Amino acid sequence: MERRMSPSRIALPRRVLPIALAAALACAALAGAPAHAQGVPAQQQSQVPGYYRMMLGEFEITALYDGYIDLDPKLLRNTSAREVQTLLARMFVESTPGVQTAVNGFLIHTGKNLVLIDTGAGTCFGPALGKIADNVRAAGYDPMQVDTVLLTHLHGDHACGLAVDGKPVFPTATVYASQIDADYWLSQEIADKAPADAQPFFKLARDSVAPYQAGGRFRTFKAGDELLPGIAAVAAYGHTPGHTGYLVRSEKNGKAQNLLVWGDIVHSHAVQFRRPDVAIEFDVDSRAAVRTRKRLFNDAARNKLWVAGMHLPFPGIGHVRADGNGYTWVPVEFGPIRPDR
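So this is what it looks like as structure tokens:
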């Protein structure tokens, strides 16, 4: 005959119960503990490689991050410190020790050419900059494969990446700059007449292009010239005498898309989209720079152009939307490369 044990026969003695519960809780704690509890790894505190890719018709566009500068808001002109701080706070932009401001370049694969627009700062302005060549590699290309470099202007944070220690970083490329900008920045006579604190910038420009001039691979152009199929120079004068944008156009399935790479039209996105008449101390002709900014803002908004900017928050690509008396910057969203688009 089967004997069944009653609950009273299997109950633990009262003096044993606390010990059993404590042991059970300890085991549960050990089982649920993270595997790394014995040695938590150090925080990485680094970003992924600085590139972002999108398609423009049949052209592949790759934004490249060169690094950042901490821009002093006091360099902005035609405004007040109070207004600047209000506009920065509106966009949640920190201003201490300066406004973190990106330096970008853009790589365009047309199917026939590999074109780099601006080369970043190279070794001219410290370790926070100079990463474009590395990010070209991270994006799957080699600087040797770049066959054309287009410069928006000859300031050091756009041209210094051309050369290191007098040697070309893009040894097979032909470099193009505006004739007007080249006549200004490469002129020893103009440099000699410039204020003493401006003269180093003339030397940076000369040193950057010198290896390409020596190799017969430096060319100049005029606004409106089509430099390659689908890439034309656009006058954007003011920031420098020959400051130039590039209108990039490509079609796919009968639909054309346009991208305006506009160089230094904007230095502070938080301020200048709301107040396009705010200039910056680096402008050679601030009045012309303001007129150009207003014209290009209007063109970009009216024609719904893609825009790429060298000092817009990385990846620096997006659209401009008219907004009352100012404009709003609408950045691109991260997404995959889709062959069905």
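Residue numbers for the sequence shown follow my numbering, so the first one is 4 and each next one is one higher.
For glycine and all other residues, C-beta sits at the position ideal for the given N, C-alpha and C.
Quick caveat, the model's predicted, so the values are computed rather than measured.
Quick check: what's the CA-CA separation for residue i versus residue j?
i, j, result
"VAL357", "GLY114", "Missing from the structure shown is residue 357; the chain here goes from 4 to 344 and no further."
"LEU33", "PRO44", "No answer about LEU33 holds up, because its pLDDT of 47 lies below 50 and its placement is not dependable."
"GLU86", "ARG278", "10 Å"
"ARG140", "ALA131", "18 Å"
"GLY159", "GLN216", "17 Å"
"ASP145", "ASP228", "28 Å"
"LEU315", "PRO171", "27 Å"
"ILE268", "GLN41", "52 Å"
"ALA84", "HIS246", "27 Å"
"ALA197", "GLN46", "48 Å"
"SER49", "GLY125", "20 Å"
"THR89", "ALA105", "21 Å"
"GLY321", "TYR71", "19 Å"
"PRO339", "GLN202", "45 Å"
"ARG80", "VAL96", "18 Å"
"ALA66", "GLY143", "13 Å"
"CYS30", "VAL51", "Reliability of the predicted coordinates at CYS30 is poor, the pLDDT of 49 falling under 50, and the value obtained from them is presented with this limitation in mind. Rounded to whole angstroms, CYS30 to VAL51 spans 40 Å at the Cα level."
"PRO244", "PRO318", "26 Å"
"ASN328", "MET147", "46 Å"
"TYR249", "LEU110", "12 Å"
"PRO342", "TYR55", "17 Å"
"TYR187", "ARG344", "43 Å"
"GLY169", "GLY219", "15 Å"
"ASP326", "THR82", "19 Å"
"PHE337", "GLY53", "13 Å"
"ASP184", "LEU91", "32 Å"
"ALA166", "PHE173", "8 Å"
"ARG222", "ASN306", "31 Å"
"PHE205", "ALA199", "11 Å"
"TYR68", "ILE135", "6 Å"
"LEU153", "GLY123", "12 Å"
"ALA162", "ASN301", "28 Å"
Of all the options the options, which has the alpha carbon lying nearest to the alpha carbon of residue i?
i, options, result
"SER179", "ASP302, ILE234 and PRO130", "Checking the sequence shown, residue 179 turns out to be Tyr, not Ser. Nearest C-alpha to TYR179: ILE234."
"GLY241", "GLY169, ILE283, PRO174 and ARG220", "ILE283"
"VAL310", "MET57, PRO52 and VAL51", "MET57"
"ARG298", "LEU165, ALA92 and ALA238", "ALA238"
"GLY164", "ASP121, ILE193, ALA176 and ASP326", "ASP121"
"HIS156", "ASN116, PHE224 and GLN148", "PHE224"
"GLY108", "LEU91, ARG344 and ASN138", "ASN138"
"THR175", "ARG324, ASN116 and ARG296", "ASN116"
"GLY60", "LEU262, ASN301 and ARG305", "LEU262"
"ALA259", "ALA92, ALA226, ALA292 and LEU308", "LEU308"
"HIS112", "CYS127, ALA92, VAL149 and ARG93", "VAL149"
"TRP265", "MET313, GLU192 and SER181", "MET313"
Considering residue i, what are the terminal residues of the alpha helix (DSSP H) in which it resides?
i, result
"LYS297", "289 to 306"
"ALA236", "Looking at the DSSP string, ALA236 is not in any alpha helix (DSSP H); the run it does join, the beta strand (DSSP E), is 234 to 238."
"VAL274", "272 to 275"
Along the chain, where does the beta strand (DSSP E) that runs through residue i open and close?
i, result
"ARG324", "320 to 326"
"TRP332", "329 to 334"
"ARG56", "54 to 59"
"ARG252", "247 to 255"
"TRP309", "309 to 311"
"LEU263", "258 to 264"
Where are the alpha helix (DSSP H) runs, 4 residues long or more, that stay fully inside the region 73 to 128, in chain order?
-> Here the runs fully enclosed are 84 to 93.
Length at least 4, wholly inside the region 191 to 229: the alpha helix (DSSP H) runs in chain order | Complete alpha helix (DSSP H) runs here, min 4: 191 to 196 and 202 to 217.
Check whether the region 70 to 78 touches the region 96 to 109, counting contact only when three or more Cβ pairs, one atom from each stretch, lie closer than 8 Å.
-> yes
Any chance the region 250 to 258 sits against the region 218 to 235, with 3 or more Cβ pairs inside 8 Å?
-> Contact between the region 250 to 258 and the region 218 to 235 is present, because at least three Cβ pairs lie under 8 Å.
If we count Cβ pairs, one from each stretch, closer than 8 Å, do we get three or more for the region 281 to 296 versus the region 315 to 334?
-> The region 281 to 296, when compared against the region 315 to 334, does not touch it at the 8 Å Cβ threshold.
Would the region 198 to 217 and the region 263 to 278 be scored as touching if the rule is three or more Cβ pairs under 8 Å?
-> no
Can you list the alpha helix (DSSP H) stretches of 4 or more residues lying completely in the region 120 to 190, in chain order?
-> If we require 4 residues or more, the alpha helix (DSSP H) runs fully inside the region 120 to 190 come out as 135 to 141, 159 to 162 and 182 to 188.
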